[in-house]
Amino acid sequence: MKLRTLTAVAAVSTLALSGCVKNSAEGDAVIDVTSSKDDCTVSAATAKSGTVTFKVTNTGDKVTEFYLLGEDGLRIAGEVENIAPGTSRNLTLQAQPGTYFTECKPGMVGEGIGTAKFTVTGEKLAVSADEKEATDAAVESYTAYTKDQAGALVTATEEFVAAYIAGDDKEARRLFPLARRSYERIEPTAGLFGDLDPKIDYRKPGAEAEGLPFTGFHRIEMDLWLDEARKNYPGEKIEALDAAGRKKVGEQLVTDVQALYDRVHAKDFVMTLDDITNGAIGLLDEVAAPDGKLPGEEDEFSHTDLYDFYANVEGANVAYQSVREIALAKGKKGEELVARLDKQFKAMFELLETYGNFDDGFVSYDTVSQAKRNELGAQLNALSEPLSELTGIVLGTK
Amino acid sequence: MTEHDQAESPTEHLESKGVSRRAALGLMGAAGAIGLTGGVAAASHLPGNDSPSKAKVENASVPFHGEHQAGITTATQNHLYFAAFEMTSTATRAELMSLLEDWTYAANRMTQGLEVSESGATGGGPHSPPDDTGEALDLGAHSLTITFGFGPKLFDKRFGLESKRPQALKELPSFAFDLLEDQYSGGDLCIQACADDPQVAVHAIRNLTRIAFGRAQIKWAQLGYGRTSSTSKDQVTPRNLFGFKDGTANIFSDEKSDLNDWVWADGSDQPWMDGGSFLVARKILMLIESWDRVRLQEQENIFGRTKGDGAPQSGGKEFAEPNFEMISTATSAPVIPMTAHMRLANPHQNNGKRMLRRGYNFVEGNNDLGQIRAGLFFISYQKSPEQFIAVQNNLATDALNEYIRHVGSAIFAVPGGIKKGASVGAGLFT
Chain Y
485 MKLRTLTAVA AVSTLALSGC VKNSAEGDAV IDVTSSKDDC TVSAATAKSG TVTFKVTNTG
545 DKVTEFYLLG EDGLRIAGEV ENIAPGTSRN LTLQAQPGTY FTECKPGMVG EGIGTAKFTV
605 TGEKLAVSAD EKEATDAAVE SYTAYTKDQA GALVTATEEF VAAYIAGDDK EARRLFPLAR
665 RSYERIEPTA GLFGDLDPKI DYRKPGAEAE GLPFTGFHRI EMDLWLDEAR KNYPGEKIEA
725 LDAAGRKKVG EQLVTDVQAL YDRVHAKDFV MTLDDITNGA IGLLDEVAAP DGKLPGEEDE
785 FSHTDLYDFY ANVEGANVAY QSVREIALAK GKKGEELVAR LDKQFKAMFE LLETYGNFDD
845 GFVSYDTVSQ AKRNELGAQL NALSEPLSEL TGIVLGTK
Chain D
12 MTEHDQAESP TEHLESKGVS RRAALGLMGA AGAIGLTGGV AAASHLPGND SPSKAKVENA
72 SVPFHGEHQA GITTATQNHL YFAAFEMTST ATRAELMSLL EDWTYAANRM TQGLEVSESG
132 ATGGGPHSPP DDTGEALDLG AHSLTITFGF GPKLFDKRFG LESKRPQALK ELPSFAFDLL
192 EDQYSGGDLC IQACADDPQV AVHAIRNLTR IAFGRAQIKW AQLGYGRTSS TSKDQVTPRN
252 LFGFKDGTAN IFSDEKSDLN DWVWADGSDQ PWMDGGSFLV ARKILMLIES WDRVRLQEQE
312 NIFGRTKGDG APQSGGKEFA EPNFEMISTA TSAPVIPMTA HMRLANPHQN NGKRMLRRGY
372 NFVEGNNDLG QIRAGLFFIS YQKSPEQFIA VQNNLATDAL NEYIRHVGSA IFAVPGGIKK
432 GASVGAGLFT
C-alpha cells in the first residue's frame, strides 16, 4: 500500500460497514475486482450508498486478499481473504457515504498493491439498531486491522533488517522509523503478549532494569546511531556490532515480529470492544509516558520519535473510527463526545503534520524546542481527555 | 443558564464543555449550578487563635460569592498551590469563556467541600474515568479559597479583549538583581488555591487543570507551605525561612479604609475590575546555607528587627512603630540601618504606600550542588501595580539582596467578586 498521511477524521461519517458477508448475491451493485500478480483493478470508482458487492477474481499466482479501507487508508471497512488463484469470492457490505480506498494483497502479507480511491455517494444509511451486530462489526473490523498491521510489520521489518545486515546503514536508518510504524499503530495489542514486547520494543534502560538481553528495534537503533548512543551513555563502552552480531540481532527481530504475526492470526485470538477503546487510550499513554515519545525518550538515538507519535495517533484513530457509529447511537452524550473527538483528532493530526509525514520524513525530534513539545503535549491532553470517556459511552452503562 | 448561552455556536458550546460534559449537564442546565451554595453550611472562616476543634478546621468553608474574590483578605490559610496557565495555541474566545464558566462551576463546588461535579469521584459508572480525582474525599473544605487572575497577554488580539485591558496591567519592569527565568514567569491566567490542608489545595489545582485540557495548560506552578504573612491580627505573624517575622506591617482584613486606599481597584478604568485587585507573584530563592553562617547581629541588622520577637531594632514590641531616626550613641549610625529590609520596605519610606502580602515558604529538595532549594513565594495584592514597583525599586539597596534571588515573576489582574449565577470575569465579555 502506498504510504499515505491523510488526515483521517473529517467529520463525515464513514464506517459501519457490516463487515464481510460471504456469498451474498443480493447486492444492489456488483463491482468486479481483478487481483492480478501486480495490480488490483476495480471496475468502478464510485457506488451509491447501500448494499455493495465486490466480486474479487484472483488472476495471479498467489492466494490473495481484497480490502476496502477507510478514508485514513488504515481502518479496514471490509475485507475478503483466502482467494485462491483462479477463483473468486464476494465482499458484500452496507456502504455509508464517504471516501475509501481499494487494494489487493497477493500473498496476504506486506503492503497492499493497486491502491485506488473509491467513493460512496448518496444518503447516509440508518445505523443498525442491533447493538450486538454493530459491536460485532466493530470488533471484526478492528481485529482485521490488527492482523493487517502485523503483516505489514513483518514485511517492513524484513526489509529493514536486510539492509542492516547487508551493511547499508544509510538505507537501514531510513527504514528504521518506517518499519516501526505498524508496530506503533497496534502497540497495546502487541503488549498483550507479555513476552514479545520486551524483545521487540524495549528501550535500553528497560531491558537492563529487568535483566533481559537488549534486543529488538532499539538495539539496532543503538548500533545505527552509535555516536548518539555514546553521547547518551558516556560511562559505557558501546562497541559497534560486527557482521555476525548484526545478523544475530537482525534475525532475532524478524523471528519475534513473525511470532507476533502468528499470535494475532491464531484461531484463539479474540478482541473485545473495550480492548479497542482502552487500546486507543493506551496508545496515547505510550506517547505521553516519561519514557515515551513526547519527552523524546522512545527513540533516544535516532530522534525519530515523531514517526512513532504519528503512528500511535493513527492507531488510536482507527480504534475510535471502529466504534464511532456505536458512540453516535448512544444519544446526546455520544454525539457530543464524537464531535469533540472528531475535532481533537483532526487538530492532533494537523499539528503533527506541520512536522512532516511518512513519505517525506518527520523532523528530527531533538530539533523540536521545549515550547513546541509543550504545544504537542497540550494537544495530546486535549485529545486524551475525551478519548478516556469513549469506553464508558460505547459500553453504555453509565 | 444565561452565562452558558453566550457560547458562539451550539457546537462550540458542546465541544468546549469541561465540567458540564462530565455528567454535570443536568445540574448545570436545570438547577443553575453556578448559584449553588453547597451541602456544607457556609460557615465563616475561623480565626487562627481560636484553638478550634479539628472538625471545625476541617469543615470550615469560605463563601465563594461576594463583593471581592475570596482568598485575598481571607485569613491566610496554611497552604498554597498556585498555578499560571497559558491558553493553548488554538484556543478561541468562546473556549476562553467556556473555560471560565467551567472553572467557576468547579471552584464553587470545591470551596464548599463538594466534589468537582455531581457524579464526583465514584458516581460515574465503572467504565469511565471519574470526574473528580478523589484525593480530597473525606477531607472537608479546609477553608479552601480559589482566586482567579488574568495576565497582560490575555488582552492581546487572540481573544478580542484589547479594549478590556486595564491600563495598569503591563509586564513588570526589570529590577536590580532580577535573575528571572521564563519557566517560572508570566502566564495568561492564574489560580491561587489556599487551604488549611495541602492536599485540598493540590486537589483543586489538579482538577481545574484537567478541566482546562484542550483550552489552557499549566505554564508553571508553585506549592507553598507555611504562610509567611497574616491578614488578620488574630493570627500570629509567622516566620520566613531566614527565621524572621517579616510583613508585620501588612494590611489586615479589618482595615477597611486602607483596603480601599491600597488594595481594591475601582471600576473607573475597567468596570470589570471594580472590587478587584492586582496580584504580583515573585518566586524568590533564598541562599539558605550562606544565610545560616551570618552572625545574629548582622542578621538583625539586615532585617531591622530582632530575631526573637520581631520587634523593631529601635525598641518596643513587634507591632511598635519603628523609629527610623534613632541614632546609636555607640556608633553614631542609625539604629535601624539605612540598608535594613524593614526600613526600605516600610510604608513610611515609600510615601505611605502599602500592599497586602500573602506569601508562602517553599522547599523543593536540593539543587545539583546539594544546596537546599528553598525560598519565599511572594504574593502581594495592590490597587495598582505601581505600589509594588515603587517598593521593589526602593529595595535596590536592601542588604537582604545578598541572600536572595528573584527567579520568577508574574502579574495578574484579579477581577472583582463573583456574583451568584455568573462566572469569574464575566464582565470581560460584555
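Chains Y and D supply the protein sequences, listed in that same order. So for the first sequence, the working numbering puts the first residue at 485; every next one is plus one. So for the second sequence, the working numbering puts the first residue at 12; every next one is plus one. Don't be surprised by glycine CBs; every beta carbon is placed ideally from N, CA and C. These numbers come from a predicted model, not from an experiment.
Alpha-carbon spacing of residue i relative to residue j, whole angstroms
i: R369 of chain D; j: S264 of chain D; result: 12 angstroms
i: R365 of chain D; j: Q382 of chain D; result: 34 angstroms
i: S848 of chain Y; j: L790 of chain Y; result: 8 angstroms
i: S240 of chain D; j: F388 of chain D; result: 11 angstroms
i: G729 of chain Y; j: T101 of chain D; result: 49 angstroms
i: G635 of chain Y; j: N542 of chain Y; result: 20 angstroms
i: I597 of chain Y; j: A674 of chain Y; result: 25 angstroms
i: N841 of chain Y; j: L659 of chain Y; result: 14 angstroms
i: A260 of chain D; j: H359 of chain D; result: 11 angstroms
i: I422 of chain D; j: W302 of chain D; result: 29 angstroms
i: A531 of chain Y; j: F585 of chain Y; result: 13 angstroms
i: G237 of chain D; j: A95 of chain D; result: 20 angstroms
i: K688 of chain Y; j: V771 of chain Y; result: 18 angstroms
i: C524 of chain Y; j: S625 of chain Y; result: 21 angstroms
i: R176 of chain D; j: P163 of chain D; result: 7 angstroms
i: G880 of chain Y; j: D143 of chain D; result: 20 angstroms
i: P697 of chain Y; j: D614 of chain Y; result: 49 angstroms
i: R714 of chain Y; j: H787 of chain Y; result: 14 angstroms
i: Y629 of chain Y; j: P672 of chain Y; result: 13 angstroms
i: L767 of chain Y; j: A727 of chain Y; result: 35 angstroms
i: Q324 of chain D; j: E332 of chain D; result: 11 angstroms
i: G287 of chain D; j: L165 of chain D; result: 17 angstroms
Per-residue DSSP class, three states only, for residue i
i: N357 of chain D; result: coil
i: Y717 of chain Y; result: coil
i: E834 of chain Y; result: helix
i: H153 of chain D; result: coil
i: Y371 of chain D; result: strand
i: H749 of chain Y; result: coil
i: P426 of chain D; result: coil
i: L38 of chain D; result: Annotation note: pLDDT 35 at L38 of chain D (below 50); position unreliable, coordinate value reported separately. Of the three classes helix, strand and coil, the one that applies to L38 of chain D here is helix, per DSSP.
i: G763 of chain Y; result: helix
i: A800 of chain Y; result: helix
i: I347 of chain D; result: coil
i: Y116 of chain D; result: helix
i: E78 of chain D; result: coil
i: A206 of chain D; result: strand
i: L190 of chain D; result: coil
Delimiting residues of the alpha helix (DSSP H) encompassing residue i
i: A561 of chain Y; result: Here A561 of chain Y belongs to no alpha helix (DSSP H); instead the beta strand (DSSP E) covers 560-567.
i: G861 of chain Y; result: 854-871
i: D303 of chain D; result: 299-303
i: T644 of chain Y; result: In the sequence as presented, Thr is not what sits at residue 644 of chain Y; that position holds Phe. Per DSSP, F644 of chain Y belongs to the alpha helix (DSSP H) from 615-649.
Where the beta strand (DSSP E) containing residue i begins and where it ends
i: L676 of chain Y; result: Unbroken run through L676 of chain Y is the alpha helix (DSSP H), 671-676; no beta strand (DSSP E).
i: F785 of chain Y; result: Note, F785 of chain Y: premise wrong, no beta strand (DSSP E); not H, not E.
i: F96 of chain D; result: 90-98
i: S268 of chain D; result: Unbroken run through S268 of chain D is the alpha helix (DSSP H), 267-273; no beta strand (DSSP E).
i: Q228 of chain D; result: 227-238
Neighbourhood of residue i by C-beta distance below 7 angstroms, restricted to the same chain and skipping five residues each side
i: S395 of chain D; result: A179, F289
i: D149 of chain D; result: none
i: E705 of chain Y; result: F660, D783, F785, S786
i: G278 of chain D; result: M284, D285
Residues near residue i in its chain [Cβ-Cβ closer than 6 angstroms; skip 5 each side]
i: S158 of chain D; result: The sequence as given places Thr at residue 158 of chain D; Ser does not occur at that position. Around T158 of chain D: Q80, G82, Q203.
i: V505 of chain Y; result: Only weak support is given to the placement of V505 of chain Y: the predicted model assigns it a pLDDT of 35, under 50, and the value that follows is read from those uncertain coordinates. Counting only Cβ-Cβ distances below 6 angstroms, and skipping sequence neighbours, we find T576.
i: K328 of chain D; result: A322
i: K28 of chain D; result: Residue confidence for K28 of chain D is low, a pLDDT of 36 falling below 50, so the modelled location carries little weight and cannot support an answer.
i: P565 of chain Y; result: Per the sequence presented here, residue 565 of chain Y reads as Glu, with Pro not at that position. Answer for E565 of chain Y: E549, listed in chain order.
i: N412 of chain D; result: F188
i: S806 of chain Y; result: A622, S625, Y626, I760
i: I415 of chain D; result: I295, M297
CB-CB length for residue i against residue j, believed under 8 angstroms
i: V536 of chain Y; j: A513 of chain Y; result: 5 angstroms
i: A450 of chain D; j: T350 of chain D; result: Since the first and last residues shown for chain D are 12 and 441, residue 450 of chain D lies out of range.
i: Q1 of chain D; j: E97 of chain D; result: Lying before the first or after the last residue shown, residue 1 of chain D is absent from chain D, which here runs from 12 to 441.
Own chain residues within Cβ distance below 8 angstroms of residue i, not counting five before or after
i: P137 of chain D; result: none
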